[in-house]
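Reviewing the structure listed below.
Numbering (the working numbering), first residue to last: 5 to 394.
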């Protein structure tokens with residue numbers, strides 16, 4: 005591929021690459037499917053900016069700037085130095101400049117006024133909490149079942165103690181049984197994940213992949229299984245190993261009231277966690293229903309969209325007229341990006357009477373004619389874009 009010539013027939017909103025020829029100067033390895041930065045090719049930007057004037061303004065924020073720092077540079081000290089850089093070059097700007105570590109971009113991406121307030125890490129934490137609750141419920145259930153079966157194993161324990169079995173040996177046996185059951189459950193869960201992950205990915209229309217058989221993942225996975233087994237088996241092991249062999253062999257053994265009281269506490273705690281999970285599930289369901297039914301200012305029920313590339317984008321008007329001739333299509337328009345996503349903002353809008361020290365962030369959407377009618381937007385004042393005036 006090195007040295008070959010290829011032609012790009014695509015026009016980006018910011019850069020013109022229509023029918024431009026490029027020579028392959030380098031080849032990079034395919035990026036993994038779980039990477040947030042995946043490209044088919046990387047093209048030069050400097051010579052093909054469609055609107056060079058806009059890139060001379062300090063308010064332009066729809067591009068990402070990557071800075072490679074030396075290893076000994078402190079990111080906080082560096083941010084303190086560049087904090088007022090934009091304000092010093094444009095007095096109308098009130099926002100600050102700061103850098104974010106590249107490794108944090110995927111999980112920590114939600115900023116307000118330059119301060120981190122969350123991101124995808126919130127979902128990770130939520131799922132971790134749910135997983136911990138589920139493991140706790142399963143562990144408590146295992147403890148209750150083990151202690152409830154104490155009368156069935158009492159004679160076995162009494163005989164073993166009578167022939168000289170030490171308490172530590174019995175504890176080791178019960179802990180081993182707990183670990184064996186936990187490891188078996190972990191292996192079964194791993195097999196279920198492998199079998200269920202592909203159809204579940206198809207169901208949610210997302211590519212879910214994870215390197216389950218990497219050393220790090222396996223160590224964490226089975227480490228959690230071992231800790232769970234030790235915690236779940238600890239109380240039953242100490243409880244069963246404390247049986248008095250004389251009382252057991254006489255046939256007068258009955259579980260103590262203390263163990264029954266503890267089982268009641270564990271059952272109440274288990275039900276409390278279950279109710280908490282049910283409430284959380286209902287809350288999430290209500291939030292999803294709210295988002296699905298919330299009035300977003302446009303009619304989404306009969307609205308579909310597609311990304312325009314190549315000839316369809318270059319000859320948009322002809323493509324639009326062809327679509328309008330199809331039965332069932334009542335409106336067609338084009339926008340710079342998905343109207344429901346904020347991808348372009350600015351603070352440099354000026355009007356008479358604006359306080360120069362105030363900051364107003366505008367979410368911008370580049371749109372074509374008929375955008376109001378096609379999206380069924382409710383106009384409070386004014387009119388739709390006019391083909392006569394524009």
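Note that beta-carbon positions come from the ideal geometry of N, C-alpha and C, so glycine has one too. From a predicted model like this one, the values you see are computed outputs, not experimental measurements.
Of the listed residues the options, nearest to residue i (C-alpha basis)
| i | options | result |
| --- | --- | --- |
| residue 11 | 34, 47, 130 and 37 | 47 |
| residue 216 | 195, 233 and 210 | 195 |
| residue 395 | 158, 357, 141 and 147 | Given a span of 5 to 394 for the chain in the structure shown, any question on residue 395 remains unanswerable. |
| residue 190 | 110, 139 and 178 | 139 |
| residue 33 | 390, 25, 286 and 42 | 42 |
| residue 152 | 120, 244, 26 and 87 | 244 |
| residue 61 | 201, 353, 172 and 375 | 353 |
| residue 137 | 282, 379 and 360 | 282 |
| residue 391 | 321, 357 and 381 | 321 |
| residue 300 | 343, 235 and 287 | 343 |
| residue 30 | 37, 36, 40 and 9 | 9 |
| residue 45 | 28, 39, 36 and 122 | 28 |
| residue 238 | 107, 150 and 37 | 150 |
| residue 174 | 71, 90, 242 and 371 | 242 |
| residue 302 | 39, 379, 386 and 127 | 379 |
| residue 373 | 362, 115, 6 and 387 | 387 |
| residue 361 | 295, 85, 94 and 39 | 94 |
| residue 104 | 71, 268, 75 and 220 | 71 |
| residue 24 | 49, 271 and 35 | 49 |
| residue 187 | 223, 160 and 198 | 223 |
| residue 142 | 36, 331 and 229 | 229 |
| residue 106 | 310, 325, 79 and 84 | 79 |
| residue 36 | 6, 214 and 134 | 214 |
| residue 135 | 267, 284 and 40 | 284 |
| residue 39 | 110, 298, 75 and 89 | 110 |
Residue range of the unbroken alpha helix (DSSP H) whose run includes residue i
| i | result |
| --- | --- |
| residue 320 | 320-328 |
| residue 167 | Residue 167 -> no alpha helix (DSSP H), and no H or E assigned at all. |
| residue 177 | 171-208 |
| residue 217 | Per DSSP, residue 217 belongs to no alpha helix (DSSP H) and is neither H nor E. |
| residue 379 | 375-379 |
For residue j and residue i, believed in contact at Cβ under 8 Å, the rounded distance
| i | j | result |
| --- | --- | --- |
| residue 383 | residue 376 | 6 Å |
| residue 336 | residue 327 | 5 Å |
| residue 233 | residue 182 | 5 Å |
| residue 201 | residue 212 | 6 Å |
| residue 82 | residue 69 | The Cβ separation is near 13 Å, so there is no contact. |
| residue 112 | residue 125 | 6 Å |
| residue 101 | residue 87 | 6 Å |
| residue 146 | residue 236 | 5 Å |
| residue 339 | residue 371 | 5 Å |
| residue 121 | residue 115 | 7 Å |
| residue 271 | residue 148 | 6 Å |
| residue 265 | residue 144 | Not a contact, Cβ separation roughly 15 Å. |
- Return the chain-ordered ranges of every alpha helix (DSSP H) run that is complete within the segment 119-145 and spans a minimum of 4 residues. none
- Item | Three CB pairs or more closer than 8 Å across the segment 365-376 and the segment 287-296 | no
- Message: As an exercise, report each continuous alpha helix (DSSP H) stretch of at least 4 residues that is fully enclosed by the segment 265-346, in chain order.
- Response: 314-318 and 320-328
- Query: Hey, is the segment 167-181 in contact with the segment 202-209, meaning 3+ C-beta pairs nearer than 8 Å?
  - Reply: no
- Task: Let me know the alpha helix (DSSP H) ranges lying completely inside the segment 68-107, each 4 residues or longer, listed in chain order.
- Result: 79-86 and 89-93
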